[in-house]
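Residue numbers (UniProt numbering): 1 to 284.
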């Protein structure tokens, strides 16, 4: 019996216009009413994740920033697995030398030094998950990152690295230049203790090696006294693989690529066809 359902957001729970459909919402509420724990597992910051959930009128625990932070339904921090300040500073220096854009995610939210690229980055993640989406509509929706203060614009990331009251959770690298992105990936392999994944065609996501969705899901289940075999994970991209490897039932979205689908037990409908709702109702 499935007792915990963990779902990715972009390309999974969210449709191409960054909303949770009525069908997905109703399925989630039905699961919660039956005592099944529904958990969001996302690369987004807590602030960005709760923004979308709030719009849909949903509350649930959240595995944020690929597992770097886990919060209860009420917003209490249950666990935090940051990158050391020294490691983050060294990675930032390497990325600057490669002249490649990146954002820094902290326990206070996401930060950027380039407002325009902050929007472009999210547009890429969305378009990668929804190739058929209208880019203008996606760009407007992504602009909410800045309009609603979900991403803070700062002058220099050194401000974060020097602040003892800030924890560094993730560094999100973005580039349309495949050569630069490959160079960054190669250089990151020299940093022990880091996990590198992706949530789009033109990005890399860097976290502490222990900050992965699957590790966080397993710990969350254990804290609830639930065996990992009694969990279901739904996702569409490489930063969901650690969940697929551990969950008792792994579900790939219909819009996921073949490699992701091949890793999973089940393939559901696309995110624009309410695939999460279908996957939930099948196990209920």
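Even glycine gets a Cβ: it sits at the ideal position worked out from N, Cα and C.
In terms of Cβ geometry, residue 198 and residue 237 form a close pair [threshold 8 Å]. Straight-line measurement puts the Cα of residue 246 at about 33 Å from the Cα of residue 120.
Under the 10 Å beta carbon count, residue 195 is surrounded by 16 or more other beta carbons and is classified as buried. Judged by beta-carbon spacing, residue 217 lies beyond the 8 Å limit of residue 206, meaning their Cβ atoms are not closer than that value. Comparing C-alpha distances from residue 16 to each of 122, 32, 130 and 273 shows the shortest one belongs to 130. Residue 11 and residue 136 have their alpha carbons spaced roughly 17 Å apart. Membership of residue 147 in the alpha helix (DSSP H) is indicated by the continuous run 144 to 147.
Closest option to residue 82, judged by alpha-carbon separation, among 284, 210 and 233: 210.
For residue 58, no alpha helix (DSSP H) run applies, since DSSP gives it neither H nor E. Around the beta carbon of residue 200, 16 or more other beta carbons lie within 10 angstroms, which makes this residue buried.
Contact between the segment 155 to 165 and the segment 58 to 66 is absent: fewer than 3 CB-CB pairs across the two stretches fall below 8 Å.
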